[in-house]
Each structure stands twice: as C-alpha cells, then as structure tokens.
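Structure record follows, encoded as structure tokens.
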Amino acid sequence: MVEPRPLHRRRSIRLWLGAAWIALLFFAAVFAGALSPHDRLAQDLMLQTLPPAWLPGAEPGYYLGTDSLGRDILSRIIYATRPALIVAIVASTAACLFGSLLGLVAGFFGGWADRIISRLVDIWMAFPPVLLSILLVAVLGPALSSVIIAIAVIDWTRFCRVVRAEAMQQRRMDYVDSAKVAGYGTLRIMAREVLPNVLPAIVVLFSLEMGIAVIVEAILSFVNLSISTDDPTWGSMIAEGRGIVHQAWWVLVFPLTCLFLTVLAFSQFGEGLKERFDPVMR
Amino acid sequence: MRLSALIIRLISLVVTFFGVAVVVFVLVRVAPGDPIAMMIGPGASPQDIADLRALYGLDKSIPLQFLIWLGHVVRGDFGTSISLRESVTEVVFGRLPATLELAFLALAIAVVIGGFMAILAARWRGTATEAGVDLFNGIALSVPDFLWGLTFILLFGVAIPIFDISGRVTPTLELPFVTNFFLIESIVRLRFDLTLDLLGHMLMPAMALALPLAAVISQILKTSLKEVMHQDYALIARTKGFSETYVLLHEALRNAVTPSLTVIGVQFTFLIGGTVIVERLFSYEGLGNLAIDAVINRDLPLIQGIVLLFAVIFVGVNLAVDLCYVALNPKLRHG
C-alpha cells in the first residue's frame, strides 16, 4: 500500500464522518425503544402540530414537536431508522449478489452469455427506475419485503455493468492464463482469482447502493406504497409534512434532514472507500 | 458509424422495445387487484362484470392479450384508459408536452450551471475556486432530485416564499393556448406575463432535476478542459499572446465538449426518469404524475402506454447522442 499522504488524510475525514453517522443510525435502530421519549404511535389530539422545543407554544418533552395527529416526531424519526436500515442492507445485498454474479459471468465468459446479459441490462435501463419500482410494489402489494424486492430487481444492473467491465479486464491479465495453465477449473479461477480483484469495486458500489436504497424506500413511502401507514418511515413522515408544510414546517424538516444526512453519509463513505482503494482500482 | 453498425444498433433498439413491452405487459397482468372491480359500483351483476371484461379484452389468455395489444400498439393504438375512459394515446400525448418542457428546462439549467462551474474551475485550476467547485459537485451529485425538490419547497416555498410549489400554472389564469406546450406557446404569443407565471411554477422542480446533472457536466467538462489546456495548440495560442481565458473559451471549450456529450446523454435519461417523482412532489401535471395515478388506479392500458413512451424517449435520447457524437467526431464518421 502507498503511504498515506496528507491528501489521503483530508479525504479520510469524510470516510469517518460518514461512518460515524451510519453508526449512529445503527445505534438508534437497535436501542429505539430506550431512546424514544414517547410512544411512536400514540396519538393525542390535544397535542396536534406542536412546534419544536425552542419555539413559543412548545410542550416540554416534545423536543422536535408533533405531527398533525399529535405524535412525537423525535420518537418517530428514531423508530424509522429500522425500516431504512433493513431496506438498505437487505436490498443492497440482494442487488449486489445477483448483479455481481451476472456481471462476473458476462465479463468472464463473454460470447453469448455476455450478449444475453447485456441485452437484459439494456432493457432494464430503458425503464424509468422510479416508475418501475412503484409498479413493482403495486404488483407485490405494499410491504417492506416488496420494497426490498423492487429495489433488488431494479438496481442489480448497477453491479452487473461495473463487475462485467472489471471482469473483462481481469480476464485478459496474465495471472488468469497462468491459472489456466496450472490446470485450475473455470469456477475456481473466477472465485479465487478474479473475484478478489473485482471486490474493491463491489464494496464501493455497495455503499453507494445503500444510500440509493434508503432514498427509494423514502420515495415509495412518500407515494404511500411502503409499510403499513401507522409505523413511521422517513418517507411517510415527509409525505405528511409536504401536505402541511405551510402550517407546520417542522413536520417536514426533521425527517428530511435525517434522510439528507443519511444519503450524504453513505455516498461519502463510499467515495472515501473508493479513494482508499485507489491504488488497487487504478 | 458505418451503415452496418447503424443497422445493428437499430435492430438492438427493436429488441429492447420488445423486451420492455413484454416485461411491462406481464408485470401489470400478474398484479393483484381487479381493475374492473375498481371501476364499477357495488350493484353490478356478474354478467355486467363479464361484459366489461370482454370489452377490455381481459377475458382472453395473457399471451393472446399480448399479441392483440402489440398489434394495436404497432398501429399507434394503446387502447382506452380504464380510469379516465379516454384514448390512452390522447391522454399520454396531452401530458407529454408538460414533461418535455420541464425536462428540457432542467437540461438547459444544468448545462448553464455545469458549464459555468467547469469553466470557472478550469480557469482557476488548483486554487480555492476549483476546490469550491469540487465541493459543489460532490454534494449535488450524491443528493438525488427528490431531496433537492423537498429542500427547495422548504427554502423557496415556505422560508422565503418566492416561488409556487404546486401545479404547472396558476389555475385562475385564463389560458389562450391551443397546444399543451404552454411555455413555448406563451413565448411565441408574446404573453410574457404567462411565461413568468409558468416559470414561477417550473423553476423549482426544474432546479431539483438539474442539480445532479449540473454536477456531472461540471465534473466531466472540467476534467476534459484541464486536459485540453495542456495540448500543444493551447500552448501555441498562449505563446501567441492570447489570454488564458481567451484560449479556454475559444480553443479548449470546443474540443472538450465532445467527450462530455455521451455522459450527458445517459445522465439526461436519468433526469427524465426523475420527473416521475419530482412532478409528484410539485403536483405538476405531467406524464410522471399521471403514471403514479395510473399505478394507484390499476389502469393497465394507461400504465403500459406511459412506460412504453418513457422507454421510447430513453432509447431515443441515447440514439440522438450517438448520432451527435458521430457528427461531431470526423474520425468516427469516416471510420
């Protein structure tokens, strides 16, 4: 590895800032019960659209105010980290496994396998992704599992394209020929020789994909197609806030800020990783 | 691109369209939820339901339905919308101009902002200006249009309410338009009061769509500008006494644009895909907003029509970019 230069150290900051925010989210998701000051579902019509604690008219204990049904916004934001992280991890893993596998096959074997898989990617890229995800969730029925399936079904092409290109390059390298001469089987060469060299690219994409998955989940809950309406997600909170933005801006601001920081954190973490891997990734 | 390459490209386009048509057709057919049940009242007899099914062709097998539908599509007939009870072709082409105007306004904004940023960073490369542009690119790229839209709603719709955040035009205005290209027609008719009102509604969603694309343009153009500025002819122009800014704008820019073009084309299709949710966010009456309604209402013919139209636009943009690339690059033209 190259000695870390000052440039790298500066760039590392965003890697660590991203990691810190993601760690905070995991902490909030695991200890949501202990961290939330109120019941995330408790409605109180006496406490409708209370402003956050530092504004006049606030109620003590409701730090970020309440929504139009009198539910505590802070507690709902904390609980909403759960669906967000579940979708981010599971959907990205599924998209990554499926896409990388197809990309590896297309890139390593070439020929007809490559032609069919590339055509499939072309067809997929001709769909507007948001519309396709909405359509898929409508087909599967609104549920967290549908959201996960929809994201995986749409975003495998991201992994497929990158891994295909990388695998194609690796295939031409001398070490693959030496492995063939040494009598190793194709499967072994792919898994033991090519895959480790493609892995840095996959890891970076995976981190970026988690941010995308969080956004897609938010978009789907925004159009009311994610989990059941009572349990909070950032997207459904944003949808409510958008509706009453002129009366109670805080209902929109806080979940939006969380989503914003989460997306930035995943992308900065991914970019930071990319720079770490840079000597490896050319 | 040689003729044979062009023909292969066109054939692969047809295959892509066919694939999209199959995927969308199967998807909406396996969807649970009966579109017929959603359109008739509770008092309908089983006979009524069966009649309606027959009317929309839903009583036949899925492969047969597909063949019949494909036959109509080839002739430009996308069937009748179940929820709106109008011809899908008419409904879709009625909404398309709104989306096109929004997308191209966003593209124009992205080119202006991205181009300006790239020139700024290339002119003062290695300084704080370039670092600032890089920071802008980093943030604008990693935050998607959906979040920019919400941010703009808060900033310029609520905190400093200078823009309209709902709809395409103020509903109380009387519109003299005969086409659905409101923005273009208001300019042609010299009704600049209407142009202003339209822009007041379109600017926020267009900005939300434009920012990520602006960052891409800025990044790529900057890189290729910096490369070009090291070439011999830029050096010669400089030794002849032309200023750095002059060389950048008159010599480098023209040569740096071509490599950016392909990427901009692909990114523009992402922008068009983004109109779906951004239109929803701003209650803008375009194709994307209509598409979400169609999914919610299980309006099968309408969904198919819209998705297919999006696919045509996507592939059309890519083809247009390829052709531009060839036209601008003599090496490829005679290759």
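Chains as they are written, first to last, in the numbering used here: chain A, 573 to 854; chain B, -8 to 326.
Here a beta-carbon is modelled for each residue, glycine too, at the ideal position from N, C-alpha and C.
Following the DSSP letters along the chain, one finds residue 651 (chain A) inside the alpha helix (DSSP H) bounded by residues 645 to 681.
Inclusion of residue 195 (chain B) and residue 156 (chain B) in the CB contact set at 9 angstroms is warranted, their separation being smaller than that value.
Boundaries of the alpha helix (DSSP H) around residue 793 (chain A): 767 to 794. The C-beta distance from residue 679 (chain A) to residue 735 (chain A) rounds to 6 angstroms, short enough to fall under 8 angstroms. Think of a sphere of 8 angstroms around the beta carbon of residue 831 (chain A): the chain B residues whose beta carbon falls inside it are 138, in chain order. If you draw a 10 Å sphere on the C-beta of residue 193 (chain B), you find 16 or more other C-beta atoms in it, and that means buried.
Proximity to residue 159 (chain B) across B:276, B:315 and B:181 peaks at B:276, based on C-alpha coordinates.
The three-state reading of DSSP puts residue 78 (chain B) in strand, counting E and B together. Residue environment for residue 76 (chain B): exposed (fewer than 16 other C-beta atoms within 10 angstroms of its C-beta). Close partners of residue 298 (chain B) in chain A (Cβ separation under 9 angstroms): 699, 700, 703, 704 and 707.
Assignment of beta strand (DSSP E) within the segment 809 to 847 of chain A, counting only whole runs of 3 or more residues, yields no such run. Taking 9 angstroms as the cut-off, the beta carbon of residue 698 (chain A) is found no closer than this to the beta carbon of residue 123 (chain B). In the structure shown, residue 163 (chain B) falls within a coil segment according to DSSP collapsed to helix, strand and coil.
Between residue 750 (chain A) and chain B, the shortest Cβ-Cβ separation is not below 9 angstroms.
For residue 638 (chain A), the beta-bridge partners assigned by DSSP are A:644. When C-beta atoms of the segment 37 to 50 of chain B are compared with those of the segment 311 to 321 of chain B, fewer than three pairs fall below 8 angstroms, so the two segments do not count as touching. Take the alpha-carbon of residue 272 (chain B) and the one of residue 831 (chain A): they are about 16 angstroms apart. Here the C-alpha atom of residue 131 (chain B) lies approximately 50 angstroms from the C-alpha atom of residue 50 (chain B). Using beta-carbon distances, residue 145 (chain B) counts as an interface residue toward chain A, with a partner under 9 angstroms.
Closer than 9 angstroms to the CB of residue 692 (chain A) there is at least one CB belonging to chain B. Excluding residues up to 5 positions away in sequence, 607, 650 and 653 lie with their Cβ nearer than 7 angstroms to the Cβ of residue 600 (chain A) in the same chain. With respect to chain B, the C-beta atom of residue 718 (chain A) has no partner C-beta closer than 9 angstroms.
Contacts between residue 301 (chain B) and chain A, judged by CB atoms closer than 9 angstroms, involve 698, 699, 700 and 703 in chain order. Chain A has no Cβ within less than 9 angstroms of the Cβ of residue 161 (chain B). The C-beta distance from residue 219 (chain B) to residue 247 (chain B) rounds to 5 angstroms, short enough to meet the 8 angstroms contact threshold. Given a length threshold of 4 residues, each whole run of the alpha helix (DSSP H) inside the segment 228 to 284 of chain B is given here in chain order: 235 to 238 and 244 to 272. Annotated as distal: residue 807 (chain A) and residue 824 (chain A), with beta-carbon spacing of 9 angstroms or more. In terms of Cα proximity to residue 709 (chain A), the closest of B:65, B:283, B:211 and B:36 is B:283. Contact annotation for residue 256 (chain B) against chain A: no contact, minimum CB-CB distance about 12 angstroms [criterion: below 8 angstroms].
Between residue 633 (chain A) and residue 624 (chain A), the C-beta gap is not smaller than 9 angstroms, which leaves the two residues out of contact. Nearest C-alpha to residue 814 (chain A) among A:803, A:802 and A:795: A:795.
A residue is called buried once 16 or more other Cβ atoms fall within 10 Å of its Cβ, and residue 61 (chain B), having fewer, is exposed.
Each residue's CA atom was taken as its position, placing residue 66 (chain B) and residue 84 (chain B) some 15 angstroms apart. When 7 angstroms is used as the limit between beta carbons, residue 839 (chain A) is near these residues of chain B: 133, in chain order.
The three-state secondary structure of residue 621 (chain A), taken from DSSP, is coil. Inside the segment 93 to 173 of chain B, DSSP marks whole alpha helix (DSSP H) runs of 4 or more residues at positions 119 to 133 and 136 to 143, from first to last along the chain.
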